[in-house]
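Asks: Once you've had a glance at the structure underneath, I'll fire off some questions.
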């Protein structure tokens with residue numbers, strides 16, 4: 105059995121108010137604690153990935169805020185209090201200051217993080 109509180113999870117990505125904490129939790133999944141300030145558009149950081157979108161699936165819960173998710177099929181909005189599943193091929197935009205906790209396949213998510221980090225460099 106494994107558990108992790110937000111402050112136990114190391115920061116994997118940080119900048120412009122965006123904070124991503126991620127840690128393997130078991131079963132091939134990592135837990136992520138994510139903070140996205142209002143106005144954050146992850147589109148530019150995801151450019152160069154297939155369809156210029158995150159290709160990692162995520163299961164999570166929006167603790168605070170509102171997120172618009174752009175996909176090839178259109179846009180959907182998510183708000184605090186909702187659990188979600190985001191399939192591969194999404195681009196998040198924070199409509200409000202947002203906080204999320206999510207579970208993602210560790211290897212897939214690390215590839216996205218590596219890409220975003222390289223884009224920032």
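In my numbering, the protein residues as written are 105 to 225. Just so it is clear, CB atoms sit at the ideal spot from N, CA and C, and this is done for glycine as well.
1) Is it true that the CB of residue 204 sits closer than 8 angstroms to the CB of residue 166?
2) Express the C-alpha separation of residue 176 and residue 136 in angstroms, rounding to a whole number.
3) What distance in whole Å lies between the Cβ atoms of residue 164 and residue 200, which are believed to be in contact at a cut-off of 8 angstroms?
4) Using CA atoms only, rank isn't needed, just tell me which of 159, 197, 147, 148 is closest to residue 171.
5) Mind checking residue 179: buried by the 16 CB within 10 Å criterion, or exposed?
6) Going by the DSSP bridge assignment, what does residue 194 pair with across the sheet?
7) Can the beta-carbon of residue 160 be found closer than 8 angstroms to that of residue 195?
8) What does DSSP give as the partner residue(s) for residue 145 in the beta ladder?
9) According to the Cβ coordinates, are residue 223 and residue 116 closer than 8 angstroms?
Replies: So, from the listed chains and residues:
1) A distance below 8 angstroms separates the beta carbons of residue 166 and residue 204.
2) Going from the Cα of residue 136 to the Cα of residue 176 covers about 24 angstroms.
3) Contact flag wrong, Cβ pair sits at about 16 angstroms.
4) Comparing Cα-Cα distances from residue 171 to each of 159, 197, 147, 148, the minimum goes to 197.
5) That one is exposed.
6) Per DSSP, the beta bridge partners of residue 194 are 158, 175.
7) Taking C-beta atoms as the reference points, residue 160 and residue 195 fail to come closer than 8 angstroms.
8) DSSP, once it has assigned bridges, lists 197 as partnering residue 145.
9) Contact flag unset, no.
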